[in-house]
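Protein chains: 2
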Amino acid sequence: MPYATLADIAKRANKSIATVSRVLNDKADEGIRISEETKQQILTFAKELNYRPNFLARHLVQKDSRVIGLLIPDIMQIFFNEICYYLSRKLNESGYDILLAHSYEDPEPERKAIEMILSRRVNGIVVAPAKGQHNLELLEDIRSRNIPLILLDRYFIDKIFYSVTSDDVQGSYRLVSHLIDQGARNILFLCGDRETSVTIERIAGYRKAFLEQKIPVEERLFLESGFFQKDGYKITRRLIADGALKGVEAIMGVNDEIALGVLEALWEEGVKVPQDILVAGYGDERYSKYLRVPLTSVQQQTSVLAEHTYRLLMKLIEKKKIPKINTKVSCQLIVRESTVRERQGGAA
Amino acid sequence: MPYATLADIAKRANKSIATVSRVLNDKADEGIRISEETKQQILTFAKELNYRPNFLARHLVQKDSRVIGLLIPDIMQIFFNEICYYLSRKLNESGYDILLAHSYEDPEPERKAIEMILSRRVNGIVVAPAKGQHNLELLEDIRSRNIPLILLDRYFIDKIFYSVTSDDVQGSYRLVSHLIDQGARNILFLCGDRETSVTIERIAGYRKAFLEQKIPVEERLFLESGFFQKDGYKITRRLIADGALKGVEAIMGVNDEIALGVLEALWEEGVKVPQDILVAGYGDERYSKYLRVPLTSVQQQTSVLAEHTYRLLMKLIEKKKIPKINTKVSCQLIVRESTVRERQGGAA
DNA sequence: AAAATATAGTTAAGCGTTTAACGTATAAGG
DNA sequence: CCTTATACGTTAAACGCTTAACTATATTTT
């Protein structure tokens, strides 16, 4: 047997299992007293046998597993990577461990992951849903059972969940306003997935900026993309090949990875950024400042998002009443070379 | 109660708990037969009550938790991020879930994380140890208890563990040889941590390259750094301020993040790369090709590393005898502008 | 001397499963 | 009519732990 049990220690020490349990948990509570002598003995035997508590057994009786399920689309998306880091850090400090699950942006693996997380009787669940609007009933079921659940970054429009998200309407509005300022009117948005809340909000922000300038919005400029560099690359190559980039003055990506793919494709074709076309990302990754052309982006405070998620989660676990359902974190526009048109030059 | 139990279903269906368990696990094995009727009934009630098995209870009796503990220094290090992704992917396919833990490059959190992982009775553990050589006895204890354990990327010199690592001697050798080729003799290595196996190997590769050219190695050129951009930045600023970069013809970082920090500091001071100094990274991140000066780096096949780790882990779990203790994955030098000196120019 | 209190524990139930070892009731075979 | 086989289960122990309720002995108080 690789693991010693309380019974093993009890046998060695000639004491009952209950006593051993109490000593090891330092629970001399409510009138139960244990002599210093047996205490030391038990501790010695525990060390000797290399005793490690079995959390499965412990948490079966205490309804508290001290685990949080974190379900994200994909940890390779840097945004989720950072969220995972900051959230882990916070949770670790409070003694929670993390069960990490991936949906791979796909509803079925997501469903399975949720079921798995529930079966492991976690104390709480943080979900950044897969793109689209799937597994809604399942998540609603969780909520209705009062299992602490927080939606992160992405949420379900008009459905009631605790959520922590970026203010994407605002971020997008600021970015698009800036691009309009730079003279762009045809702004292509490689928008990830149109049914995902993040994109819906960003498109709303986009529209808002255009409305304010009283310029009509062309629907065809919203193009679905994936979330990775190669997606941005492929789509841009295709657009160039189709001549679909004629008249487009700016391209914005749903994240910096996509923007990087766009840049790659443009450079390959000899299209100059920002002279010929403006390019912006979203998320402001660590490297974006240092690209061949420094990339304009919208900074999302992942550490702040994680912090809010953490605090909300702790309150839910403590069964506190929380009035505020949705927390929105604002973001900041970072303008760099990739979207600044020098007024003298500029061939389309 | 948020969760239904087997007993709840049994009561509704007027059957015993054992029968319910058998139906839900589809175990009509060894002569135990259950009528189609009760089967359907039980399944209906299970759905109705939204039954979700309690893995804590299940795995208490079956000694198999279907969880793998993954302990890494820091998921923000892109290398570990990618490893985590590919390994998760593989493990998910085989029905394993992931308990993610961070050491933050610190021995004490690492120790706690290991204890936690063990207490959760995982089926296996993958550890990328924190820098230095800590918690050796603890890990040896795990190994001696026949708990499947694999060391990833970093290992303990001369100690016997199953491990999957990059061939860092080779990678470093190739990189340094290339730099020597480019005329560099004073090659500064911001090497992370000198007691970590990765660095020890890289320094060995460095020496090998110099030995081959019969050039003596200057010990002072190995400088410890952290693993992040800001670390590379700070150290370079200090070196510049101290005038310590005089005569240095190339800087190599322990990873691309460090190299990025180096580049940042150099650019701020108006030092030109590669004209004034060569800079190389390690790991070949997605963005490194697209930097202001495309970065020379050594490609590490994280997906291959993950694949090997996965396969080895599965074998260990199945208690197969494995002859090969250490698996080394080779890596490839990617030469880009940041280390290619144009022969005509070149001010030191 | 009896009662109360303090000290140092023990017993046993229960958490939700799995699973080996046992029932029953009915039908078929001899 | 008795035996055997078949179909369809049930009982109960066990996994390792926590914890409410109890016990036994010694010491102090009244």
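Those protein sequence lines, which keep their order, are chains A and B.
Under numbering that gives the first Met the number 0, think of the first position of the first sequence as 0, with each following residue one higher.
Under numbering that gives the first Met the number 0, think of the first position of the second sequence as 0, with each following residue one higher.
The beta-carbon is built from N, C-alpha and C at its ideal position, and this holds for glycine as well.
*Closest Cα partner of residue 209(A) within the set 1(A), 192(A), 22(A), 183(A)*: Ranking 1(A), 192(A), 22(A), 183(A) by CA distance to the CA of residue 209(A) puts 183(A) first.
*Which parts of the region 28 to 116 of chain A are runs of the alpha helix (DSSP H), unbroken and 4 residues or longer, counting only runs that do not cross its ends?*
Runs found: 35 to 47, 54 to 60, 77 to 92.
*For the region 40 to 65 of chain A, enumerate the residues whose C-beta is nearer than 8 Å to any C-beta of chain B, in chain order.*
Flagged, chain order: 49, 51, 52, 53, 54, 55, 56, 58, 59, 64.
*Give, in chain order, every unbroken run of the alpha helix (DSSP H) that is at least 4 residues long and sits entirely within the region 163 to 211 of chain A.*
Listed in chain order, they are 167 to 180, 196 to 211.
*Are the C-beta atoms of residue 129(A) and some chain B residue less than 8 Å apart?*
For residue 129(A), no CB of chain B lies under 8 Å from its own CB, so it is not counted at the interface with that chain.
*asked:* Give me the chain A residues within the contact set of residue 152(B), using Cβ-Cβ distance strictly less than 7 Å, ordered along the chain.
replied: Contacts between residue 152(B) and chain A, judged by CB atoms closer than 7 Å, are missing: the closest CB pair is about 17 Å apart.
*Where do the ends of the alpha helix (DSSP H) carrying residue 229(A) lie?*
Taken as a continuous stretch (DSSP letters only), the alpha helix (DSSP H) holding residue 229(A) covers 228 to 240.
*Over what stretch of residues does the alpha helix (DSSP H) that includes residue 10(A) continue unbroken?*
Taken as a continuous stretch (DSSP letters only), the alpha helix (DSSP H) holding residue 10(A) covers 5 to 12.
*Among 144(A), 264(A), 223(A), which has the Cα closest to the Cα of residue 51(B)?*
Of all alpha-carbon atoms in 144(A), 264(A), 223(A), the one lying nearest the alpha-carbon of residue 51(B) is that of 144(A).
*Segment contact, 8 Å Cβ cut-off, at least three pairs: the region 326 to 334 of chain B with the region 156 to 167 of chain B*: Counting C-beta pairs closer than 8 Å gives three or more between the region 326 to 334 of chain B and the region 156 to 167 of chain B, which meets the contact rule.
*Are three or more beta carbon pairs between the region 221 to 240 of chain B and the region 260 to 269 of chain B nearer than 8 Å?*
The region 221 to 240 of chain B vs the region 260 to 269 of chain B: in contact.
*Output the boundary residues of the alpha helix (DSSP H) element that contains residue 26(A).*
Note, residue 26(A): premise wrong, no alpha helix (DSSP H); not H, not E.
*For residue 102(B), which residues in chain A fall below 9 Å Cβ to Cβ?*
Result: empty, since nearest Cβ-Cβ is about 10 Å, beyond 9 Å.
*If residue 273(A) sits next to residue 292(A), beta carbons under 8 Å apart, how far is it from one beta carbon to the other, in whole angstroms?*
Right, their Cβ atoms sit about 7 Å apart.
*Could you name the residues of the same chain whose beta carbon sits closer than 6 Å to that of residue 40(A), not counting the 5 residues immediately before and after it, in chain order?*
Excluding positions up to five away in sequence, the list reads 12.
*asked:* Using only the alpha-carbon positions, how far apart do residue 142(B) and residue 153(B) sit?
replied: Their backbone Cα atoms lie some 16 Å apart in a straight line.
*If you measure beta-carbon to beta-carbon, which residues of the region 104 to 122 of chain B are closer than 9 Å to chain A?*
Contacts with chain A (Cβ-Cβ distance below 9 Å) from the region 104 to 122 of chain B involve 108, 111, 112, 114, 115, 116, 117, 118, 119, 120, listed in chain order.
*Cβ shell of residue 80(B) (< 7 Å), same chain only, five flanking positions each side left out*: Excluding positions up to five away in sequence, the list reads 74.
*How about residue 151(B) and residue 249(B): are their beta carbons less than 8 Å apart?*
It is not a contact, given that the beta carbons lie outside the stated cut-off.
_Selection from 111(A), 147(A), 124(A), 78(A) that minimises the alpha carbon distance to residue 320(A)_ = Measuring from the Cα of residue 320(A), the nearest candidate turns out to be 147(A).
*Pick helix, strand or coil for residue 327(A), following the three-state DSSP scheme.*
Three-state DSSP puts residue 327(A) in a strand.
_alpha helix (DSSP H) segments (min. 4 residues) lying fully within the region 244 to 297 of chain A_ = Correct list: 255 to 267.
_Please report the distance separating the alpha-carbon of residue 238(A) from that of residue 286(B)._
Cα to Cα, residue 238(A) sits roughly 23 Å from residue 286(B).
*So which residues on chain A does residue 162(B) lean against when the C-beta distance must stay under 8 Å?*
None at all; the shortest Cβ gap to chain A is about 21 Å.
*Have a look at residue 47(B) and residue 140(A) and give me their C-alpha separation to the nearest angstrom.*
Between the alpha carbons of residue 47(B) and residue 140(A) lies a distance of about 12 Å.
*Once you ignore the five residues that flank residue 201(A) on each side, which residues in its own chain have a CB closer than 6 Å to its CB?*
So the list reads 167, 171, once near-sequence residues are dropped.
*Near residue 296(A), which residues of its chain fall below 7 Å by C-beta distance, leaving aside the five closest residues on each side in sequence?*
Only 255, 279, 280, 281, 282, 283, 287, 333 meet the Cβ criterion.
*Does residue 337(B) have its Cβ less than 8 Å from a Cβ in chain A?*
Chain A contact via Cβ: absent.
*Could you spell out the range, first to last residue, of the alpha helix (DSSP H) harbouring residue 303(B)?*
Unbroken alpha helix (DSSP H) run through residue 303(B): 301 to 316.
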